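Colleague:
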Amino acid sequence: MTAIRFAAMPTIDAEHLWSGGRDAYDRLPETIISDGPGHPCRHCLENIDEGEELLVFAYRPFPELQPYAETGPIFLHKRPCKRYAAEEILPPVLATSPDFILRGYNEDNRIVYGTGAVTVIGEIAAYGEKLLARPDVAYVHVRSARNNCFQCRIDTIEAPALAEIGALT
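Now the structure itself:
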């Protein structure tokens, strides 16, 4: 079985935007007020509470431009928040919808065809593990099943060999 972790938007990306940086379209993020659930912060992976300010901006969770580098709107708390740390646990923000799209990408950041599937919440971890067990899948995106917005990434946790942790003495 493949051990997985849920990875939020990198802090360096969030800090860039919090400090006045521009988004993937070279535009300044818009500031709006949350009207309640439905504004998931991609850094802390929690919903932004009603009445809180948030940033809306174009995000491209890929290292470079290429045909499969999807860009879309996402949200971020306007004030700095702590990055999601309980990486082995399904993030709270994923409990806000009945299902999400999971899609595998290869080492060249291209979609691995045939991996995309609308997946109910209770099966996200299992399907992520199944995809990451494939040699052609380097990582998985969790995306909105309704709007295709990026939510978070799923990666493999590299477990140390038993000898490395002293289990074989």
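Numbered according to this note's numbering, the sequence shown terminates at residue 339, and the numbering increases by one at each position without gaps. Idealized CB from N, CA, C, for every residue including glycine. Bear in mind the structure is a predicted one, so any value in this text is a computation, not a measurement.
Among 265, 316, 210, 293, which one has its Cα closest to the Cα of residue 179?
Modeller: 210
Colleague: Please confirm whether residue 298 and residue 288 have their CB atoms less than 8 Å apart.
Modeller: no
Colleague: Could you check which residue in 284, 283, 208 has the C-alpha nearest to that of residue 243?
Modeller: 208
Colleague: Restricting to Cα atoms, I'd like to know which of 328, 266, 280 is closest to residue 234.
Modeller: 280
Colleague: Going straight from the alpha carbon of residue 402 to that of residue 276, what length do you get?
Modeller: The structure shown does not extend to residue 402, since the chain is modelled only from 171 to 339, so the question has no answer here.
Colleague: Drop a sphere of 10 angstroms on the beta-carbon of residue 307, count the other beta-carbons inside from all chains shown, and report buried for 16 or more, exposed for fewer.
Modeller: buried
Colleague: Round the Cβ separation of residue 227 and residue 199 to the nearest angstrom and send it over; I've been treating them as touching at under 8 Å.
Modeller: 4 Å
Colleague: Is the beta carbon of residue 285 closer than 8 Å to that of residue 301?
Modeller: yes
Colleague: Leaving out five residues on either side along the sequence, give the residues of the same chain with a beta carbon under 7 Å from the beta carbon of residue 263.
Modeller: 210, 215, 216, 217, 321
Colleague: Could you tell me whether the Cβ atoms of residue 312 and residue 327 are closer together than 8 Å?
Modeller: no
Colleague: Work out the CA separation of residue 303 and residue 230 for me, nearest whole Å.
Modeller: 25 Å
Colleague: Given a threshold of 16 other Cβ atoms within 10 Å of its Cβ, counted over all protein chains shown, does residue 274 qualify as buried or as exposed?
Modeller: buried
Colleague: Are the Cβ atoms of residue 248 and residue 201 separated by less than 8 Å?
Modeller: yes
Colleague: Please go through the same chain and pick out, in chain order, the residues whose beta-carbon is closer than 8 Å to the beta-carbon of residue 258, but skip the five residues on each side of it.
Modeller: 173, 174, 175, 176, 327
Colleague: Around the Cβ of residue 294, are there at least 16 other Cβ atoms within 10 angstroms (buried) or fewer (exposed)?
Modeller: buried
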